[in-house]
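Residue numbers (full-length UniProt numbering): 1 to 551.
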């Protein structure tokens, strides 16, 4: 059959039963749009040939000349062959209209890279971006992510780096305090709550860690709807109020309420608003930017323990905590002024099922379980290293520097893995730092009895565990739609929080059951983190298989 511009215009597009609703996606084009585009292509091709050859406008265009621009309709779907062109199915049931009538729910997948069809500007651009995301496999498995295309991310600039600055300040104040929990545990066991079982006391700090991460699914949804501003302002007020109440507390239940719940709720709002804001400004440099951001918690973990210990000895626990709160208030004011969200926000009803949808995706579900397992063991050295070192005979004047030493190395551990992850893959680097953390826990912390061995362990643990903290959010952003970053990080951190909640009490119970010996605690710490590494390997395999690929 030969077509001319005159008879092309007379051809009607195949009828579509309007009683059916075609399922569309970012990489599917409805048949009617395909037909209209084909007619415009034939007309353009004919005009170009007529101009070049000088033939009249009645010249015909042979169907074979445009065969590479057609797609085969097979069973209601377009099926390009291996060469990028298509072969027509000779079956009488292979016509477009016949397929739509027989199965109107079928859709027509078209890869823009395998067709020369001219599409409207925005539609073509969106299809090409989606196809590129699918082909690369670098950001997410399966369907292409529906977030903004890569060129929309600034990946730098004054506003973006100001967000990182504000994030650094907020992480200094929030997770920086978590890095001081060993000082609180020591003071409560030896002074304020003397005579109380250490496992019971550890619930205060475990609830603090849990309340910082579990409400992430709520604060993440608030972020998606309203942005970071009110989370930061409300979180700052709640956090400082909780610390002031902690300074007045003298009873176990008061510390649970003030430090474990109130201050941690405020801290969680700040923490989640910060991470969700930073990831929206960066793509190629995302892990680097987040590494710099979370390094603030390491700096806070260096300054906080020394400051607290010295102030407790000089002016007492109440004013030591108040001084810390006033310092945090100044830094959080900077965070409130500089942290902004770039992405538009959508106010949608709160539906609990939306948080469970991601768990149907094998990669996301496996990654969340890996987070839980790693958090089960990771916080134990932070909580018990001072008490364990003192039991081994280390002088108290030296034990006060163990946490600062660990957190000082964690500064590099949270920045350098971010640089490496942006180049070599976030899953790859997460697996590496997780394996090293678990390995040195088993081969160095357990046999190490001398001061030197304990200090070396703290140096290595600080560096390697810092990578887990900095890579968690980039890993989640990599496997989900960036426009749902608040909801997805909230779901992941909520699952992770139960590891932080139960890890320390379980470890404390193990120590009590073994008569004060820390071997069981150390084994529990190392084995759970090694299990987490195995799960990260499974998640990576689900995404790209065992290929040596940057992912």
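Glycine included, every Cβ here is placed at the ideal spot set by N, Cα and C.
Bounding residues of the alpha helix (DSSP H) (the contiguous stretch that carries residue 374): 362 to 391
Integer-rounded CB distance, given that residue 472 should sit under 8 Å from residue 413: At roughly 13 Å, the Cβ-Cβ gap does not stay under 8 Å, so residue 413 and residue 472 are not in contact.
Residue 523 versus residue 442: straight-line alpha-carbon distance, rounded: 7 Å
Burial state of residue 540, where buried means 16 or more other Cβ atoms lie within 10 Å: buried
Same chain, Cβ closer than 8 Å to residue 285, five either side skipped, listed in chain order: 155, 156 and 422
8 Å Cβ cutoff met for residue 488 and residue 358: yes
CA-to-CA distance, residue 431 to residue 542, given in whole angstroms: 14 Å
Buried versus exposed, by CB contacts within 10 Å (16 or more), residue 294: buried
Alpha carbon of residue 5 to alpha carbon of residue 152, nearest angstrom: Confidence is the limiting factor: at residue 5 the pLDDT is only 43, short of 50, which leaves the residue's position unreliable and the question unanswerable from this model.
Close-in-space but distant-in-sequence residues of the same chain around residue 535 (CB under 6 Å, 5 per side omitted): 366, 369 and 370
Contiguous alpha helix (DSSP H) assignments of at least 4 residues, all confined to the segment 270 to 341: 286 to 315 and 317 to 338
Start and end residues, alpha helix (DSSP H) containing residue 405: 402 to 424
Sequence-distant residues of the same chain with beta carbon closer than 7 Å to residue 407, five excluded per side: 179, 298, 301, 302 and 462
Residue 545 versus 399, 500, 428 and 160, residue with shortest Cα-Cα distance: 428
Touching by the beta-carbon criterion (3+ pairs, under 8 Å), the segment 336 to 343 and the segment 220 to 232: yes
Contact check, residue 328 vs residue 518, beta carbons under 8 Å: no
Three-state secondary structure (DSSP) of residue 514: coil
Residue 347 (DSSP reduced to helix, strand or coil): coil
With 16 other Cβ atoms within 10 Å as the buried cut-off, status of residue 350: exposed
Option in 160, 537 and 169 with minimal Cα separation from residue 330: 169
Beta-carbon separation (whole angstroms), residue 375 vs residue 508, contact threshold 8 Å: Residue 375 to residue 508, Cβ: 16 Å. No contact.
Chain-order list of residues whose beta-carbon lies under 6 Å from that of residue 410 (same chain, five-residue window excluded): 298, 462 and 466
Euclidean distance between Cα positions of residue 633 and residue 266: Nothing about residue 633 can be reported from this structure: the residues present for the chain run from 1 to 551 only.
Best match in 315, 207 and 296 for proximity to residue 496 [C-alpha to C-alpha]: 207
Secondary structure of residue 352, DSSP reduced to three states: coil
Inter-residue spacing [alpha-carbon to alpha-carbon] between residue 305 and residue 343: 37 Å
Exposure of residue 246, with buried meaning 16 or more beta-carbon neighbours within 10 Å: buried
CB of residue 424 within 8 Å of CB of residue 440, strictly: no
DSSP-derived helix/strand/coil call for residue 159: helix
Rounded straight-line distance, which links the Cα of residue 174 to that of residue 271: 7 Å
Beta carbon of residue 196 nearer than 8 Å to that of residue 332: no
Nearest-angstrom Cα separation, counted from residue 310 out to residue 321: 12 Å
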